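The structure under discussion appears below in the form of structure tokens.
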Amino acid sequence: MSTPEQSQLGKASAYADQYDAALLFPIPRQPKRAEIGIAGAPSFFGADLWTAYELSWLNLRGKPQVAIAHITVPCETPNIVESKSFKLYLNSFNKTRFASLDEVRARIRQDVSEAAWRGAAHAGTVGVRLVTPDQFDAEQVHELDGLLLDRLDIECTQYQPAPELLKANHDEAPVTETLVSHLLKSNCLVTGQPDWGSVQIAYSGAQIDQEGLLQYIVSFRNHNEFHEQCVERIFMDIWQRCRPIKLAVYARYTRRGGLDINPLRTSAPMPLPANRRTARQ
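Its first residue numbered 43, the sequence shown is counted upward by one per residue in this note's numbering.
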């Protein structure tokens, strides 16, 4: 089993400039899911929305080409792809010649699908969309919609995940609301480097105490875990502590190494949000 410690994280790395699919490093999702009480198939739906801003290759005449890649990895995949390995993989395109944009897209889809679904009884595919320079102007910047929790003047004293801060009022009529915070911060599981993000929590059910929810989000500040794992932990803590009827947790993390990762976890199937970056991304 591949572990984060076996990856290229925190290590000096040679940057290959010729295409090499073997650079992708899958890490199983299940060990971290077991920590939060998930055994077997996940108890939620969703996907990890990746954006790669530093994609370049050569055409058949040796002229560099550039694009932005939007990659959608279903949360049903048995593995995440470690982000530094993904960056090294994309760098391997830099001096490799491809006949067309479609060939580049197909190669990324094939390679990332193989890594993400490795070990599955029935492999699927990931989604890949490439945005060319003539389409760059249509790329939108948009903040997460919802009521901003950060307006609350609260005292914060806990900086490791504290699910006991989560409370909901089950004595009143259920509500439907969407809450947003820009104060999510966690750290890389291996290197300890900070990961900054915004989070959107949409739910129906007993009204969640907003002060406790914001304190809970802040409590991730010294926590070491990958983006996908943090969002799943947030989802499960709210699901178990507040017992909503419906719940969706969506986080957008700022980019590192030209990549951002934006996980969505939801209790019921729903359309994926448009992969639109926030101002900090």
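Just so it is clear, CB atoms sit at the ideal spot from N, CA and C, and this is done for glycine as well.
Quick caveat, the model's predicted, so the values are computed rather than measured.
Look at the beta carbons and you see the stretch 236-256 touching the stretch 207-214: at least three pairs across the two are nearer than 8 Å. Proximity of the stretch 218-234 to the stretch 261-269 meets the contact definition, three or more beta-carbon pairs being nearer than 8 Å.
Along the length of the stretch 258-305, whole alpha helix (DSSP H) runs at least 4 residues long occupy 269-284, reported in chain order. In the DSSP assignment, N133 falls within the unbroken alpha helix (DSSP H) covering S125 to N133. When the beta-carbon positions are compared, G88 and R307 come within less than 8 Å of each other.
Every unbroken stretch of the beta strand (DSSP E) spanning 3 or more residues and falling wholly within the stretch 145-221 is given here in chain order: 169-173.
Closest option to P68, judged by alpha-carbon separation, among V154, P216, D176 and N317: V154. In the pairwise beta carbon analysis, the stretch 135-153 is classified as not touching the stretch 287-303: fewer than three pairs are separated by under 8 Å. About 13 Å separates the beta carbons of T320 and L190, which is beyond the 8 Å limit, so they are not a contact pair. Its chain contains P120 as the residues whose beta carbon lies nearer than 6 Å to that of G161, once the 5 sequence neighbours on both sides are disregarded; these appear in chain order.
For E96, the enclosing beta strand (DSSP E) starts and ends at F87 to L100. CA-to-CA, the gap between D192 and E96 works out to about 32 Å.
Only exposed fits N101, as fewer than 16 other CB atoms lie within 10 angstroms of its CB.
When the Cα atoms are used, R147 and P70 turn out to be separated by approximately 25 Å. Only residues of its own chain outside the window of five on either side were considered, and among them A210, Y245, S246, G247, A248, I250, I280 and S309 have a CB closer than 8 Å to the CB of P286, listed in chain order. DSSP, reduced to helix, strand and coil, places P236 within a strand of the structure shown.
The Cβ atoms of A58 and S127 do not sit closer than 8 Å to each other. Sequence-distant Cβ neighbours of F268 in its own chain, meaning closer than 6 Å and more than five residues away, are L231.
Annotation for A310: no alpha helix (DSSP H) segment contains it, and DSSP assigns it neither H nor E. In this structure, the CA atom of A76 is about 42 Å from the CA atom of S142. Around the beta-carbon of A180, fewer than 16 other beta-carbon atoms lie within 10 Å, marking it exposed.
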